[in-house]
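Student: If you read the sequences in order, they're chains D and U. The first sequence begins at 313 in the working numbering and counts up by one. The second sequence begins at 2 in the working numbering and counts up by one. By construction, the Cβ of each residue, glycine as well, lies at the ideal position given by its N, Cα and C atoms. Please find one structure pasted underneath; my questions will follow.
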Amino acid sequence: MTTEEARFLDTDLGPVFMIATGDESATKSAVVCSGGWYVGSTNANRVLIRLARAIAGLGYRSARFDWHGAGQSPGHVERFSLGEPFGDDVVAVAKELGGPTTLVGVCFGSRCALEAAQHLDDLEALVLVSFPFPVGGTRTKRADQLGARDAVRSAFRPEVVKGLLDPNARRLYWKWVTLKWRAVKKRLFPSKAAPAKRVREKVADQTMSIPQLVKEVNALVQRDVRVLFLYGDSDGHYDHFAESAQEGPLAQLLERAGDRIAVHPVSGDLSGFATLESQERMISEITGWMAPRDR
Amino acid sequence: MQLTAHEHSTEWTVEGDVIQNAVLGIRAEPRWFSDGSVFAMTHHPAGEPIGSVVICPPTHAEVGRNQRRELLASWELAMCGYTVTRLDYRGLGHSVGNTEDMSFDTMVADVLDAASIVRPGWFIATRAGALVAAAAASATPESNLVLWEPVESGQAWFKEVFRASMMGALKRGEKGLSGAARLAEFERVGYIDVVGNTVGWPLYSSLADRTLSRELESFSGDAALVVQIQQKAALKPANEAIVAQLTRGGRTIEALCVEHNEPWWFGATPRDDVVLASVDAPEAITATVEFISRIGGHR
Numbered sequence: 313m314t315t316e317e318a319r320f321l322d323t324d325l326g327p328v329f330m331i332a333t334g335d336e337s338a339t340k341s342a343v344v345c346s347g348g349w350y351v352g353s354t355n356a357n358r359v360l361i362r363l364a365r366a367i368a369g370l371g372y373r374s375a376r377f378d379w380h381g382a383g384q385s386p387g388h389v390e391r392f393s394l395g396e397p398f399g400d401d402v403v404a405v406a407k408e409l410g411g412p413t414t415l416v417g418v419c420f421g422s423r424c425a426l427e428a429a430q431h432l433d434d435l436e437a438l439v440l441v442s443f444p445f446p447v448g449g450t451r452t453k454r455a456d457q458l459g460a461r462d463a464v465r466s467a468f469r470p471e472v473v474k475g476l477l478d479p480n481a482r483r484l485y486w487k488w489v490t491l492k493w494r495a496v497k498k499r500l501f502p503s504k505a506a507p508a509k510r511v512r513e514k515v516a517d518q519t520m521s522i523p524q525l526v527k528e529v530n531a532l533v534q535r536d537v538r539v540l541f542l543y544g545d546s547d548g549h550y551d552h553f554a555e556s557a558q559e560g561p562l563a564q565l566l567e568r569a570g571d572r573i574a575v576h577p578v579s580g581d582l583s584g585f586a587t588l589e590s591q592e593r594m595i596s597e598i599t600g601w602m603a604p605r606d607r
Numbered sequence: 002m003q004l005t006a007h008e009h010s011t012e013w014t015v016e017g018d019v020i021q022n023a024v025l026g027i028r029a030e031p032r033w034f035s036d037g038s039v040f041a042m043t044h045h046p047a048g049e050p051i052g053s054v055v056i057c058p059p060t061h062a063e064v065g066r067n068q069r070r071e072l073l074a075s076w077e078l079a080m081c082g083y084t085v086t087r088l089d090y091r092g093l094g095h096s097v098g099n100t101e102d103m104s105f106d107t108m109v110a111d112v113l114d115a116a117s118i119v120r121p122g123w124f125i126a127t128r129a130g131a132l133v134a135a136a137a138a139s140a141t142p143e144s145n146l147v148l149w150e151p152v153e154s155g156q157a158w159f160k161e162v163f164r165a166s167m168m169g170a171l172k173r174g175e176k177g178l179s180g181a182a183r184l185a186e187f188e189r190v191g192y193i194d195v196v197g198n199t200v201g202w203p204l205y206s207s208l209a210d211r212t213l214s215r216e217l218e219s220f221s222g223d224a225a226l227v228v229q230i231q232q233k234a235a236l237k238p239a240n241e242a243i244v245a246q247l248t249r250g251g252r253t254i255e256a257l258c259v260e261h262n263e264p265w266w267f268g269a270t271p272r273d274d275v276v277l278a279s280v281d282a283p284e285a286i287t288a289t290v291e292f293i294s295r296i297g298g299h300r
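As structure tokens, this is what we get:
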């Protein structure tokens, strides 16, 4: 019954388990990259299997795979770092499928897809879902970067309090307050656990800088690769992206690129797929964006 | 047994569609059962197998919480000479079908279909998979059971499901339905959204009234291990009752408490200040491999 082909693939970091879907004679391919932190290729509620199958329905040969050390792939991963993306896994799967390729990455997977994109000559398009956007360089400071007085002032601004009638705003507000509370607690009761601190220091600059991101995406645009940034408006990274898209190097890139870069914000949260609605929205946005190229 | 060392092994090589590890002496082969509807991964020992094991995973969000534990258990058992097959029920994982259409009956049918081919002497099952495995083991003479954190009944499992659903709704700033109104809505729509997981009405209507105790009434095996994975040093009453029910006629029935709080429905939030571990509660694996190796189970 199934038209899916399950197999292991050799990569430099060890075998990777992949499942290819769709017509073997398809002229285009797509690789779907899941999130990190031991999330298998299915992701929540098998949303990425549904996405891979929907993309195959557009005429692509699509594949999903488990990162080395996760899901069915053997190996061992001690930590997933945005500063150390698994681009090699993505490149191996893409080369296995061949043909003009579209990479679709979710969260950590989008960081890996961007990394892999630099190494694929026949890349046609790149879809970055809930891309972990750099926080540096934005005008608005995060809660944990504000002083206590400024934080309290911000928290009780009339427009902020009024906005709490909206459930989404309430959720973000609570997240913001929690972040601030953690920062205060950290300052008052500093941790003495040396190993944890060491890891934290490494993690501090995991996300790429905005100039680096702009440089890499610009290089793709120069190669005529189409890029889609897809965010849920409740995603933690979306605010930073939206703000940076207003002015500065990212804004200039978006202006220059014209329709080669699309930015699609949808309502909800795409970083954790915490609702069925957000999952359906993501699938529909991506297939909608990929479909016209086939028509 | 050195789980970490085995997980670190870099001796895997790809040959065709399978991988093998010459050092551990095992190979893994993806396969499809039920006319290509049910995806499974079978781990083979290097030599002639001394027995066969089928792993019945949990369902929905719980799958991800247990998958790596099941994989490492498969490796360890294959190293001890067993062929181990772990499947995805239709509607879940890589298998075909829609999640909202799966039911207790389709899950049992999937397991029995695979069992008719691999002829297991053991079923290892987790959470609601325990009810499935109990039904499958009862239909498979002389097969034995290992149950990881089994749910005592469909009702108990759905109580947790509804609680998770309610928490998800609250987190989104919604009120959420409860009681009879929730059930009526569930039946009307055909599924509910449980923190981003599709739980279908066919599963509710086929599972809610089942109990592990009843599914085990026809169990004819001679050994079972119950592994409780909870932040408790003693067995909870429901597990004590299962052990008591099974302990008769010279059977070898054992129980183990692994003190670990597994967030089955809520994936652990990635934290940037800890080095992550790919598998929690490894004691469950160690105890299972030791128990199966000690009892045997040739078919």
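Output yes if chain D places a C-beta closer than 8 angstroms to the C-beta of residue 182 of chain U; else output no.
Tutor: So, not an interface residue.
Student: Since residue 464 of chain D meets chain U, which of its residues come closer than 7 angstroms, beta carbon to beta carbon?
Tutor: Residues of chain U passing the Cβ test: none, with the nearest at roughly 23 angstroms.
Student: Are residue 267 of chain U and residue 205 of chain U touching if we call contact CB-CB under 8 angstroms?
Tutor: It is not a contact, given that the beta carbons lie outside the stated cut-off.
Student: For chain D, find out if any of its Cβ atoms is closer than 8 angstroms to the Cβ of residue 300 of chain U; answer yes or no.
Tutor: Summary for residue 300 of chain U: the model assigns pLDDT 46, below 50, so the residue's position carries little reliability; its value from the coordinates is reported in the next sentence. Closer than 8 angstroms: no.
Student: Against chain U, does residue 322 of chain D count as a neighbour if the rule is that its beta carbon must be under 8 angstroms from one of theirs?
Tutor: By this cut-off, residue 322 of chain D is an interface position.
Student: In chain D, which residues lie with their C-beta within 9 angstroms of the C-beta of residue 42 of chain U?
Tutor: Within chain D, the residues near residue 42 of chain U are 318, 329 and 384.
Student: I think residue 406 of chain D touches residue 428 of chain D, with their Cβ atoms under 8 angstroms apart; what is that distance to the nearest whole Å?
Tutor: Contact flag correct, Cβ pair sits at about 7 angstroms.
Student: Kindly indicate if chain U contains any beta-carbon less than 8 angstroms away from that of residue 449 of chain D.
Tutor: With a pLDDT of only 40 at residue 449 of chain D, under the threshold of 50, the placement of this residue in the model should not be trusted, and no figure is reported.
Student: Out of curiosity, what's the CA-to-CA distance linking residue 42 of chain U and residue 389 of chain D?
Tutor: Each residue's alpha carbon lies about 21 angstroms from the other.
Student: If we ignore side chains and look at the alpha-carbon of each, how far apart do residue 245 of chain U and residue 576 of chain D end up?
Tutor: Going by the C-alpha atoms only, they are around 58 angstroms apart.
Student: Could you tell me the alpha carbon to alpha carbon distance between residue 286 of chain U and residue 214 of chain U, rounded to whole angstroms?
Tutor: So the alpha carbons of these two residues sit roughly 24 angstroms apart.
Student: Check for me: the beta strand (DSSP E) holding residue 340 of chain D runs from which residue to which?
Tutor: It spans 340-345 - the beta strand (DSSP E) in which residue 340 of chain D sits, taken as one unbroken run.
Student: Flag this pair as touching only if the stretch 27-46 of chain U and the stretch 232-244 of chain U have three or more C-beta atom pairs under 8 angstroms; answer yes or no.
Tutor: Counting Cβ pairs under 8 angstroms, fewer than three are found: no touch.
Student: Taking the straight line between their C-alpha atoms, what separation do you get for residue 595 of chain D and residue 362 of chain D?
Tutor: If I take the Cα positions, the gap works out to 8 angstroms.
Student: Leaving out the 5 sequence neighbours to the left and right, which residues in its chain are closer than 8 angstroms to residue 585 of chain D when beta-carbon positions are compared?
Tutor: So the qualifying residues of the chain are 355, 356, 357, 359, 591 and 594.
Student: Grouping DSSP H, G and I as helix and E and B as strand, with all else coil, what is residue 194 of chain U?
Tutor: Residue 194 of chain U falls in the strand class under three-state DSSP.
Student: With DSSP collapsed to three states, give me the class of residue 450 of chain D.
Tutor: No answer about residue 450 of chain D holds up, because its pLDDT of 39 lies below 50 and its placement is not dependable.
Student: Alpha carbon to alpha carbon, how far is residue 350 of chain D from residue 104 of chain U? Give it in angstroms, no decimals.
Tutor: Going from the Cα of residue 104 of chain U to the Cα of residue 350 of chain D covers about 27 angstroms.
Student: From U:169, U:91, U:49 and U:196, pick the residue whose C-alpha is nearest to that of residue 57 of chain U; which is it?
Tutor: Checking every option, the nearest Cα to that of residue 57 of chain U belongs to U:91.
Student: Beta strand (DSSP E) containing residue 56 of chain U: first to last residue?
Tutor: Note, residue 56 of chain U: beta strand (DSSP E), 52-57.
Student: Considering only residues of the same chain and omitting the five flanking positions on each side of residue 67 of chain U, which have a CB-CB separation below 7 angstroms?
Tutor: Taken in chain order, the residues that qualify are 58, 59 and 127.
Student: Of all the CB atoms in chain D, is at least one closer than 8 angstroms to the CB of residue 196 of chain U?
Tutor: Answer yes: the Cβ-Cβ gap between residue 196 of chain U and chain D drops below 8 angstroms somewhere.
Student: For the beta strand (DSSP E) that contains residue 428 of chain D, what are its first and last residues?
Tutor: First-last for residue 428 of chain D: 420-429, but that is the alpha helix (DSSP H), not the beta strand (DSSP E).
Student: Which residue's Cα is closest to the Cα of residue 572 of chain D: D:598, D:395, D:539 and D:600?
Tutor: Closest option to residue 572 of chain D, Cα to Cα, is D:539.
Student: Can you tell me whether residue 99 of chain U is buried or exposed? The criterion is at least 16 other CB atoms within 10 Å of its CB, across all chains shown.
Tutor: It counts as exposed.
Student: What's the gap between the Cα of residue 282 of chain U and the Cα of residue 76 of chain U?
Tutor: Cα-Cα distance, rounded: 16 angstroms.
Student: If we ignore side chains and look at the alpha-carbon of each, how far apart do residue 96 of chain U and residue 38 of chain U end up?
Tutor: Near 6 angstroms, if we compare the C-alpha coordinates of residue 38 of chain U and residue 96 of chain U.
Student: Beta-carbon within less than 7 angstroms of residue 153 of chain U's beta-carbon, same chain only, minus the 5 sequence neighbours each way: which residues are those?
Tutor: These residues qualify, in order along the chain: 212, 213 and 239.
Student: Taking only beta-carbon positions, decide if residue 301 of chain U is within less than 8 angstroms of chain D.
Tutor: As shown, chain U starts at 2 and ends at 300. That puts residue 301 of chain U outside it, with no answer to give.
Student: Whole angstroms is fine: what's the gap from residue 124 of chain U's alpha carbon to residue 78 of chain U's?
Tutor: Distance between the alpha carbons of residue 124 of chain U and residue 78 of chain U: 12 angstroms.
Student: Are the Cβ atoms of residue 224 of chain U and residue 253 of chain U separated by less than 8 angstroms?
Tutor: Taking 8 angstroms as the Cβ cut-off, residue 224 of chain U and residue 253 of chain U qualify as a contacting pair.
Student: Using DSSP's beta-bridge definition, name the partner residues of residue 149 of chain U.
Tutor: DSSP output for residue 149 of chain U lists U:127 and U:228 as bridge partner(s).
Student: Mapping the DSSP letters down to three states, classify residue 540 of chain D as helix, strand or coil.
Tutor: Here residue 540 of chain D sits in strand by DSSP.
Student: Determine the direct distance from the alpha carbon of residue 469 of chain D to that of residue 316 of chain D, and round the result to whole angstroms.
Tutor: Spanning the two alpha carbons is a distance of roughly 55 angstroms.
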